[in-house]
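Numbering (full-length UniProt numbering), first residue to last: 1 to 313. Each residue gets a CB set at the ideal place from its N, CA and C atoms; glycine is no exception.
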């Protein structure tokens, strides 16, 4: 098939490789313009741009797909289908109608659950037992198009947003070639999304990552995992905002402590009281310092008895 591909971040790289490996003619790749990134804020190419260049694929980086010239150029390709994966730019209705078989999107949830910008993090925050990818025909709505196929990933309560991201990127890449084959030979039909079960996954806000220690330990544990690697769960300690990268639930038996109080600092980590239950912080990062095992931090500072607080405190 003659395929146009549109994607930008790491999540969109494996499906692009899958298309090439399956022998499809990727006639053009679209990705967002180079943007400042990292501490130095130097202009950097997107992961998809780097992948496309390494594969020798034609590349375009328009700031928008709304102008007539960009749409005319896309139309001139006479593509069978356009595959869109975390592109980050809105596709206007005129673009959706250009490819002969329309536009296909890989979305990181089992639709209609978690439509929107942050489906991976929202699934972890909600304590979902499974998530997955949905390959759908794009329409003018927000992740509302009919679904061609899905692939499911079980969640066991120890995943981070990064590990789920990587697993779903692989699932999407594996499902894409067969999806396009079924689309081409007519064996695969898109099914409308059910009216019930729809939830929205809004974009993450840094303020969400501030830990509220009055919550249950399980709720805080989900937040720490959901916000790794960004924006990273955090809480003030000794007046400095400390980033908390990982933790585990427990111990089950805990002497009484106020929410946020460090009950014990051991080689295993920092045991912190929550509104209900406790967490053992296993990896953290003090301001201006590297990430470190919490046990290492416990050996270097007198932390037992101190208390994480809210930002307002």
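Item checked: Validate contact between the region 138 to 158 and the region 111 to 123 using beta carbons, cut 8 Å, 3 pairs -> yes
Notebook entry, point to check: Rounded to a whole number of angstroms, what is the C-alpha to C-alpha distance between residue 265 and residue 231?
Noted result: Residue mapping note: residue 265 aligns to position 265 of the chain shown, counting from 1. Residue mapping note: residue 231 aligns to position 231 of the chain shown, counting from 1. Near 25 Å, if we compare the C-alpha coordinates of residue 231 and residue 265.
Note to self: Does residue 109 come out as helix, strand or coil in the three-state DSSP assignment?
What the structure shows: For the purposes of this step, residue 109 is taken as residue 109 along the chain shown, with counting starting at 1. Reduced to three states, the DSSP call for residue 109 is coil.
Notebook entry, point to check: Does the Cβ-Cβ distance between residue 161 and residue 132 come in under 8 Å?
Noted result: Residue mapping note: residue 161 aligns to position 161 of the chain shown, counting from 1. Residue mapping note: residue 132 aligns to position 132 of the chain shown, counting from 1. No, the pair does not count as a contact, with Cβ atoms beyond the cut-off.
Item checked: Three-state secondary structure (DSSP) of residue 279 -> Mapped onto the chain shown, residue 279 falls at position 279. Correct three-state label for residue 279: strand.
Next item on the list: Measure the alpha-carbon distance for residue 121 versus residue 218 and round it to whole angstroms.
Entry: Position 121 of the chain shown, counting from 1, holds the residue named residue 121. Position 218 of the chain shown, counting from 1, holds the residue named residue 218. For residue 121 and residue 218, the distance between alpha carbons rounds to 15 Å.
Notebook entry, point to check: Quick one: what does DSSP say residue 156 is sitting in, helix, strand or coil?
Noted result: What you label residue 156 is simply residue 156 of the chain shown in a count that begins at 1. In this structure, residue 156 counts as coil in the three-state DSSP scheme.
Checklist line | Sequence-distant residues of the same chain with beta carbon closer than 6 Å to residue 229, five excluded per side | finding: Taking the chain shown and counting its residues from 1, one reaches residue 229 at position 229. Result list for residue 229: 162, in chain order.
Next item on the list: Just grab the DSSP bridge partners of residue 235 for me.
Entry: Residue numbering aside, residue 235 sits at position 235 when the chain shown is read from its first letter. Looking at the DSSP assignment, residue 235 forms a beta bridge with 242.
Notebook entry, point to check: Excluding five sequence neighbours on each side, which residues of the same chain lie with their C-beta closer than 6 Å to the C-beta of residue 70?
Noted result: Working through the chain shown from its first residue, we reach residue 70 at position 70. The answer, listed in chain order, is 62.
Next item on the list: Look at the alpha carbon of residue 167 and the alpha carbon of residue 226, and state the distance between them as a whole number of angstroms.
Entry: Sequence index remark: in the chain shown, residue 167 carries index 167 (1-based). Sequence index remark: in the chain shown, residue 226 carries index 226 (1-based). In a straight line, the C-alpha of residue 167 is about 15 Å away from that of residue 226.
Notebook entry, point to check: Among residues of its own chain, excluding the 5 on either side of residue 202, which ones have a beta-carbon nearer than 7 Å to its beta-carbon?
Noted result: Here residue 202 is taken as the residue at index 202 of the chain shown, counted from 1. For residue 202, where only same-chain residues beyond five positions count, the Cβ hits under 7 Å are 116, 117 and 118.
Margin query: According to DSSP, residue 210 sits in a beta bridge with which residue or residues?
Written below: The residue given as residue 210 occupies position 210 in the chain shown. The partner list for residue 210 (beta bridge, DSSP) reads 234.
Margin query: Quick check on this structure: which residue in 30, 11, 171 and 88 has the alpha carbon closest to the alpha carbon of residue 58?
Written below: Taking the first residue of the chain shown as 1, we reach residue 58 at position 58. Considering only alpha carbons, the answer is 30.
Note to self: Which of the three DSSP states is assigned to residue 25 in this structure?
What the structure shows: Position 25 of the chain shown, counting from 1, holds the residue named residue 25. The answer is strand: DSSP assigns residue 25 an E or B state.
Notebook entry, point to check: Which residues does DSSP pair with residue 98 in a beta bridge?
Noted result: Along the chain shown, read from residue 1 onward, the residue named residue 98 stands at position 98. According to DSSP, which records beta bridges pairwise, residue 98 is partnered with nothing at all.
Checklist line | Run of the beta strand (DSSP E) containing residue 262, from where it starts to where it stops | finding: Against the chain shown, residue 262 aligns to sequence position 262. From DSSP, the beta strand (DSSP E) with residue 262 extends over 262 to 266.
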